[in-house]
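Peer 1: Mind having a look at this structure? Questions to follow.
In my numbering, the protein residues as written are 887 to 980.
Listed below in structure tokens is the structure:
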């Protein structure tokens with residue numbers, strides 16, 4: 887089960903609202919922004935098979951050192967195992 891904070895829940899509803907074009911989240915480190923983004927991407931990919939998503943950061947180092955770790959731990963947390971439910975191509979970063 888995934889528990890969202892009130893702010894994460896509000897952001898989730900905005901992410902799912904077809905009338906909303908952009909969702910911005912601010913705050914310091916540890917606020918759950920990356921985790922929410924990763925959970926939302928996992929939900930979208932499983933709810934809509936065959937679709938693709940995108941997670942970006944200001945540079946690859948920030949993505950690799952922070953968000954990718956969050957993404958991989960989120961996959962594990964929801965029971966999606968590497969090599970079974972997903973694969974990662976480190977050479978192409980896909």
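Glycine included, each C-beta is placed from N, C-alpha and C at the ideal position. Please read all numbers here as calculations on a predicted model, not as lab measurements.
How big is the Cα-Cα spacing for residue 969 and residue 921?
Peer 2: In the chain shown, residue 969 corresponds to position 83, counting from 1. In the chain shown, residue 921 corresponds to position 35, counting from 1. Between residue 969 and residue 921, the C-alpha separation is close to 22 Å.
Peer 1: With 16 as the cutoff for other CB atoms within 10 Å, does residue 916 come out buried or exposed?
Peer 2: As a position in the chain shown, residue 916 is number 30, starting the count at 1. So residue 916 ends up on the exposed side.
Peer 1: Between the Cα of residue 942 and those of 972, 976, 923, spot the shortest distance and give me the residue it belongs to.
Peer 2: As a position in the chain shown, residue 942 is number 56, starting the count at 1. Closest by alpha carbon: 923.
Peer 1: Where in the region 906 to 945 do unbroken runs of the alpha helix (DSSP H), each at least 4 residues long, occur, reported from the N-terminal end onward?
Peer 2: If only uninterrupted alpha helix (DSSP H) runs of at least 4 residues are considered, those enclosed by the region 906 to 945 are 919 to 933.
Peer 1: Expressed to the nearest angstrom, what Euclidean distance is found between the alpha-carbon atoms of residue 958 and residue 892?
Peer 2: Looking up residue 958 in the chain shown gives position 72. Looking up residue 892 in the chain shown gives position 6. If you take the alpha carbons of residue 958 and residue 892, they lie about 24 Å apart.
Peer 1: Does the Cβ of residue 977 have 16 or more other Cβ atoms within 10 Å, making it buried, or fewer, making it exposed?
Peer 2: Here the question's residue 977 lines up with position 91 in the chain shown. Exposed, because fewer than 16 other Cβ atoms sit within 10 Å of the Cβ of residue 977.
Peer 1: The alpha helix (DSSP H) spanning residue 950 covers which residue range?
Peer 2: Translated into the one-based positions of the chain shown, residue 950 becomes position 64. From DSSP, residue 950 is part of no alpha helix (DSSP H); its letter is neither H nor E.
Peer 1: Mind checking which residues open and close the alpha helix (DSSP H) that includes residue 955?
Peer 2: Residue 955 sits at position 69 when you count from the first residue of the chain shown. Counting along the chain, the alpha helix (DSSP H) containing residue 955 begins and ends at 954 to 963.
Peer 1: Within its chain, find whatever has a CB closer than 7 Å to the CB of residue 918; leave out the 5 residues flanking it on each side and keep chain order.
Peer 2: Here residue 918 is taken as the residue at index 32 of the chain shown, counted from 1. Once the five neighbours on either side are set aside, the close Cβ partners of residue 918 are 891, 894.
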